[in-house]
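A.B. asks:
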Amino acid sequence: MFERYNPWFRVFPLDFISRTAHMSASERGVYIACLCYACYKGELPANRACMSRLGGWPRISTRSYFVVRARLDADITDGSLVLVPPPPGATF
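Sequential numbering of the sequence shown, starting at 6, is according to the numbering used here.
1. Which class does Arg53 belong to by DSSP, given the choice of helix, strand or coil?
2. In chain order, what residues of the same chain lie with their CB nearer than 7 Å to the CB of Leu59, ignoring the 5 residues before and after it?
3. Taking the alpha-carbon positions, what's the Ser29 to Leu77 distance?
4. Are Glu48 and Val73 close, meaning C-beta to C-beta below 8 Å?
5. If you run the structure through DSSP and keep just helix, strand and coil, what is Met6?
6. Where are the alpha helix (DSSP H) runs, 4 residues long or more, that stay fully inside the region 54-97, in chain order?
7. Skipping 5 residues on each side, what residues in its chain have a beta carbon closer than 8 Å to that of His27?
8. Compute the Euclidean distance between the alpha carbons of Pro18 and Thr25, then round it to the nearest angstrom.
9. Using the Cβ count rule (16 or more neighbours within 10 Å means buried), how would you classify Asp80?
See the structure below:
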């Protein structure tokens, strides 16, 4: 039996502020929700609809989707976001 899987991630406030300064407040909310999702699932939201649900929106605008997605992709490229899948058999 596996222990309960309880992932976490470190946030550096100045990095977060500087990386999201160009985003609206709602885009920042979707961004942090995507980071939480990635930490928990080991992958980014699959599409725009999933990202909308994470942000609590009926539908995320095209502009907002691309702003948030570009930031997440840049975080992966520069190594600030490393996606690690949960261990096999992990319970949530």
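Ideal Cβ positions, reconstructed from N, Cα and C, are used throughout, including at glycine. These numbers come from a predicted model, not from an experiment.
C.D. replies: By the coordinates alone:
1. Helix, per DSSP.
2. Cβ neighbours of Leu59 beyond the five flanking positions: Val35, Ala38, Cys39, Tyr42 and Pro50.
3. Approximately 15 Å between the Cα atoms of the pair.
4. Cβ distance not < 8 Å, so Glu48 and Val73 don't count as in contact.
5. At Met6 the pLDDT is 49, less than 50, meaning the model places this residue with poor confidence; the figure from the coordinates comes in the next sentence. Coil at Met6, not helix or strand.
6. For the alpha helix (DSSP H) assignment, the uninterrupted runs of no fewer than 4 residues enclosed by the region 54-97 are, from N- to C-terminal side, 67-82.
7. Same-chain partners within the cutoff: Val72.
8. Looking at the two C-alpha atoms, the distance is approximately 11 Å.
9. With a threshold of 16 other beta carbon atoms within 10 Å, Asp80 meets it and is buried.
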